[in-house]
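Take 8 as the starting number for the sequence shown in the numbering used here and just add one per residue. Ideal placement from N, C-alpha and C gives every residue a C-beta, glycine not left out.
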Amino acid sequence: MKACVLIEPGPAENLKILEVRDPGPPGEGQVLMKVEASGIDGHDLVVRNGTMRGRGEQLEEMEVKENGSWIKRPGLILGHEIAGTVLEVGPGVTDLAVGDRIAPSGESNCGVCEFCRTGLSVKCTNRAMAHNGYAEMAVVPARAMMKIPEGISAAEACIVRCAIGTCLRGFMLAGEEPKFHHNILICGAGGGLGIHALQIAALTGGFVMATTTSEHKIDMLKRYGASEVIYSPEGKFNEQVMKLTNGSGADYVMDTVGGTTFNNGGFRSLAYYGRYVFVGQINDEFARFAVPYLFWREAVLTGCNGGMYVDTQRGLELMAQKRIEAVISERFKLEDTPRMHGLLEKRQITGRAVIDFT
Ligand SMILES: [Zn+2]
Ligand SMILES: [Zn+2]
Numbered sequence: 008m009k010a011c012v013l014i015e016p017g018p019a020e021n022l023k024i025l026e027v028r029d030p031g032p033p034g035e036g037q038v039l040m041k042v043e044a045s046g047i048d049g050h051d052l053v054v055r056n057g058t059m060r061g062r063g064e065q066l067e068e069m070e071v072k073e074n075g076s077w078i079k080r081p082g083l084i085l086g087h088e089i090a091g092t093v094l095e096v097g098p099g100v101t102d103l104a105v106g107d108r109i110a111p112s113g114e115s116n117c118g119v120c121e122f123c124r125t126g127l128s129v130k131c132t133n134r135a136m137a138h139n140g141y142a143e144m145a146v147v148p149a150r151a152m153m154k155i156p157e158g159i160s161a162a163e164a165c166i167v168r169c170a171i172g173t174c175l176r177g178f179m180l181a182g183e184e185p186k187f188h189h190n191i192l193i194c195g196a197g198g199g200l201g202i203h204a205l206q207i208a209a210l211t212g213g214f215v216m217a218t219t220t221s222e223h224k225i226d227m228l229k230r231y232g233a234s235e236v237i238y239s240p241e242g243k244f245n246e247q248v249m250k251l252t253n254g255s256g257a258d259y260v261m262d263t264v265g266g267t268t269f270n271n272g273g274f275r276s277l278a279y280y281g282r283y284v285f286v287g288q289i290n291d292e293f294a295r296f297a298v299p300y301l302f303w304r305e306a307v308l309t310g311c312n313g314g315m316y317v318d319t320q321r322g323l324e325l326m327a328q329k330r331i332e333a334v335i336s337e338r339f340k341l342e343d344t345p346r347m348h349g350l351l352e353k354r355q356i357t358g359r360a361v362i363d364f365t
């Protein structure tokens, strides 16, 4: 089969379209799926360039076809936002069948380890997650997947867990979910996480501010629910936030960018008792802050690792009810993946970009 393989951590050119061995057969608790859509996101960027290594995302020896013969070389097939159809079911899988349309449900816990049995399933030592999405077929753990409801395409479904579920869970982890009387700030609102966080924030009826460094995204951010868009090409925006909120600041900050945004104004935009939620890190800058500013404000800093089953389910429901929309601005062929990684890195993609295998 054809796959986009990372041959070594580094620039987008290190992603190569290669012929690799077909995966399978599926083992215990796994299914083999035909991939129909696969999202690319900031996590893929930082694994690709070597800033971080995702769980289960190490380069491994794999067989690739070169000049008509199979050779062994190190490689990694990225892609955790993966949707398609079940081709074959492994032993012990009872809730999925051949022909089912499936997408990631969330990083699923095992249900039987000590943590799972004591109500701490988020600390499960045997979590399962889907990988290998940048390929025509993939073997994935059945318990990390869920069936796609009628009326939702593979491209829409593949991004729900990561781009929508993460934001839903992020607001939940803030301690108390935002309401109509809150000021909510979405940093990096034009990106894949941001455009969905924005829609979720708008559902609360609160005053929603959206920051962007791209002027051409302003109108779209208003369309997706921003009460005010803060365009800041140099990335500084806290003074504008204070002005727009009559000096009180943002009760919630959802930061999809990470260290740079936090340092450039995100942190200083916090209201008294504000809650700051990190849901992404697209570069390697550390977040720095003056400690007194945190206790003066009695603010809370937290982060969210990704949507769980319940968040993905909520995301799909909100989509089915047409209350939020999966924003996919680019659908492209597998061969175009290296170029799209480059564009994503330069923040030139609005919403999500998805590899279309159909
Ligand atoms: Zn467990
Ligand atoms: Zn993702």
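Check	Outcome
Should Val12 and Gly82 be called a contact, given that it needs their Cβ atoms to be closer than 8 Å?	yes
If you draw a straight line from the C-alpha of Ile193 to the C-alpha of Ala257, how long is it?	10 Å
Could you tell me whether the stretch 240-260 touches the stretch 268-278, where touching means 3 or more Cβ pairs closer than 8 Å?	yes
In three-state DSSP terms, what is Ser276?	helix
Hey, how far is the Cα of Ala333 from the Cα of Ile166?	8 Å
State the CB to CB distance for the pair Ala217 and Ile237, rounded to an integer number of angstroms; the pair is presumed to be in contact (CB under 8 Å).	7 Å
Compute the distance between the beta-carbons of Gly314 and Arg168, then report whether it is under 8 Å.	yes
Determine whether the Cβ of Gly198 lies closer than 8 Å to any Cβ atom of chain E.	No chain E is present in this structure, which holds just one protein chain.
Counting Cβ pairs closer than 8 Å, one from the stretch 303-311 and one from the stretch 176-186, do we hit at least three?	yes
Would you call His188 buried or exposed, if buried means 16 or more other Cβ atoms sit within 10 Å of its Cβ?	exposed
For Glu3, which residues in the same chain have their Cβ closer than 7 Å to its Cβ, ignoring the five residues on either side in sequence?	Because the chain is modelled from 8 through 365, residue 3 falls outside the range shown and cannot be assessed.
Could you check whether Leu175 and Arg321 sit closer than 8 Å to each other, using their CB atoms as the reference points?	yes
Quick check: is any heavy atom of ligand 2 less than 7 Å from the C-beta of Cys174?	no
Name the DSSP beta bridge partners of Leu341, please?	According to DSSP, which records beta bridges pairwise, Leu341 is partnered with nothing at all.
Name the one or two DSSP bridge partners that Glu68 has.	Pro81
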